[in-house]
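Read through the structure below, which is laid out as structure tokens, and then see the notes.
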Amino acid sequence: MNEVHPAGEPKSLSEQIQRDGYVVLRNLMDSQELEHLLNHADNFWDTLHDPQRPQSKLEVHGAAVAQIASVRMAACKKRLIDTVLTLLGPNIYVNYIGFTINPPQSEDKQHMAYHQDGGRISKEHAQFFEPRYTVKAAIWLTDGTRLGVGNFYVIPGSHRWKQKPDTKIDELAIPVYVEPGDVILFERRVWHTRKTNTSNTRRKVLFVDYAPRWMEPKCQMDITPPPTYSSPVEEQLFNNKETWRAYAPRKIDLPALDYMSSAGLTRSVEDES
Ligand SMILES: O=C(O)CCC(=O)C(=O)O
Numbered sequence: 001m002n003e004v005h006p007a008g009e010p011k012s013l014s015e016q017i018q019r020d021g022y023v024v025l026r027n028l029m030d031s032q033e034l035e036h037l038l039n040h041a042d043n044f045w046d047t048l049h050d051p052q053r054p055q056s057k058l059e060v061h062g063a064a065v066a067q068i069a070s071v072r073m074a075a076c077k078k079r080l081i082d083t084v085l086t087l088l089g090p091n092i093y094v095n096y097i098g099f100t101i102n103p104p105q106s107e108d109k110q111h112m113a114y115h116q117d118g119g120r121i122s123k124e125h126a127q128f129f130e131p132r133y134t135v136k137a138a139i140w141l142t143d144g145t146r147l148g149v150g151n152f153y154v155i156p157g158s159h160r161w162k163q164k165p166d167t168k169i170d171e172l173a174i175p176v177y178v179e180p181g182d183v184i185l186f187e188r189r190v191w192h193t194r195k196t197n198t199s200n201t202r203r204k205v206l207f208v209d210y211a212p213r214w215m216e217p218k219c220q221m222d223i224t225p226p227p228t229y230s231s232p233v234e235e236q237l238f239n240n241k242e243t244w245r246a247y248a249p250r251k252i253d254l255p256a257l258d259y260m261s262s263a264g265l266t267r268s269v270e271d272e273s
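Going by our numbering, the first residue of the sequence shown is number 1, and it counts up by one from there.
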């Protein structure tokens with residue numbers, strides 16, 4: 001977390017998320033950091049993919065991924081974490097982390113359905129104001145600058161829909177083009193999908209979901225033995241064992257609070273209109 005960025009950038013990135021439901025953080029990872037992550041993704045693929053199902057994605061998540069220092073470091077990159085803290089405030093942790101690796105698929109393979117994240121959350125807020133609650137970072141390790149590579153599609157502004165419109169929503173969606181090392185940061189309510197990878201290369205993305213500490217984890221995140229965390233904020237994000245403290249945290253349980261004030265960050269207020 002020790003690189004610098006122009007003052008105000010997290011604020012303007014978080015304003016873009018408020019408006020569009022997503023934002024792209026360009027060049028977040030440098031080439032060495034990318035190489036480390038790619039090596040891990042490739043090792044997982046080599047050891048875990050099912051050769052009987054060559055078109056199936058491989059998703060590896062939870063402690064097996066969280067225990068890798070370069071992965072935790074990616075989740076804590078300053079420009080990313082500053083934007084996340086501005087959006088969600090200090091009482092957060094990583095409730096999902098995982099590599100998704102998408103091999104080449106045939107043209108007729110149906111793509112994933114458009115969806116919002118968060119399981120039942122949207123259903124349980126029907127007719128009420130639905131808070132953002134969580135944001136997810138898609139850290140792209142491979143090229144996403146052309147179509148047909150398993151691109152991320154999003155409907156800008158759809159996080160504000162009161163209900164899904166009665167139209168073909170694919171016509172409202174746009175592809176988000178990214179270089180390796182760019183990050184798509186999107187919020188839970190925005191409608192999005194991944195299109196089919198019809199290229200001849202594997203698409204590799206590291207996903208990190210940031211959530212309030214009182215929300216349950218989406219995967220088993222306990223790293224044993226505990227690693228050496230590189231900062232108190234990293235420890236808060238990856239070591240969320242004290243569940244009751246997540247509801248009533250003391251200041252000592254919230255290093256991200258001190259971090260926010262030393263970095264001059266304030267939580268943005270969400271416009272409910
Ligand atoms: O793989 C992608 O690009 C999108 C994945 C997705 O829809 C999600 O993580 O909610």
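Backbone N, C-alpha and C define an ideal beta-carbon position, used for all residues, glycine too.
- Cβ atoms of L28 and W45 stay farther apart than 8 angstroms, at about 23 angstroms.
- By the C-beta criterion, the segment 198-208 is judged to be in contact with the segment 125-139, since at least 3 inter-stretch pairs fall below 8 angstroms.
- Under DSSP, no beta-bridge partner is assigned to N91.
- With respect to the 8 angstroms criterion, A41 and F238 are not classified as neighbours on the basis of their beta carbons.
- Contact between the segment 214-228 and the segment 171-188 is absent: fewer than 3 CB-CB pairs across the two stretches fall below 8 angstroms.
- At a Cβ-Cβ threshold of 8 angstroms, R213 and T86 do not count as neighbours.
- Annotated three-state conformation of I223 is coil, per DSSP.
- Counting only runs that start and end inside the segment 8-35, the beta strand (DSSP E) elements of at least 3 residues fall at 22-25.
- For Y259, there is no enclosing beta strand (DSSP E); the residue is part of the alpha helix (DSSP H) that begins and ends at 255-262.
- In this structure, ligand 1 has a non-hydrogen atom nearer than 7 angstroms to the beta-carbon of F152.
- Between E171 and V154, the alpha-carbon positions lie close to 11 angstroms from each other.
- By the neighbour-count definition (other C-beta atoms within 10 Å, threshold 16), K241 is an exposed residue.
- Residue pairing of N102 in beta bridges, as defined by DSSP: R203.
- From the listed residues I17, V269, G181, the smallest Cα separation to E35 is found for G181.
- Taking C-alpha positions only, G98 is separated from A173 by approximately 25 angstroms.
- Closest option to G119, judged by alpha-carbon separation, among A69, R189, E179: R189.
- Judged by their CB atoms, M260 and G62 are not nearer to each other than the 8 angstroms cut-off.
- Contact between the segment 196-204 and the segment 122-134 is absent: fewer than 3 CB-CB pairs across the two stretches fall below 8 angstroms.
- Counting every other CB atom within 10 Å of its CB across the protein chains shown gives G21 a total of 16 or more, marking it as buried.
- Taking 8 angstroms as the cut-off, the beta carbon of L13 is found closer than this to the beta carbon of T83.
- Its chain contains no residue whose beta carbon lies nearer than 6 angstroms to that of V269 once the 5 sequence neighbours on both sides are disregarded.
- Excluding the 5 residues flanking it on each side, H159 has same chain C-beta neighbours closer than 7 angstroms at G21, E187, R189, V190, in chain order.
- Runs of beta strand (DSSP E) with 3 or more residues, each lying fully within the segment 58-87, are found at 58-61, listed in chain order.
- Minimum Cα-Cα distance from R245 among the listed residues Y93, I169, P104 corresponds to Y93.
- At a threshold of 7 angstroms, A113 does not count as near ligand 1, since its beta carbon sits no closer than that to any of the ligand's heavy atoms.
- Distance from the C-beta of H192 to the nearest heavy atom of ligand 1 is below 7 angstroms.
- According to the DSSP assignment, R245 belongs to the alpha helix (DSSP H) that extends over 243-247.
- Annotation: the continuous alpha helix (DSSP H) that includes L237 extends over 232-238.
- By the 16-neighbour rule on beta-carbons within 10 angstroms, H192 is buried.
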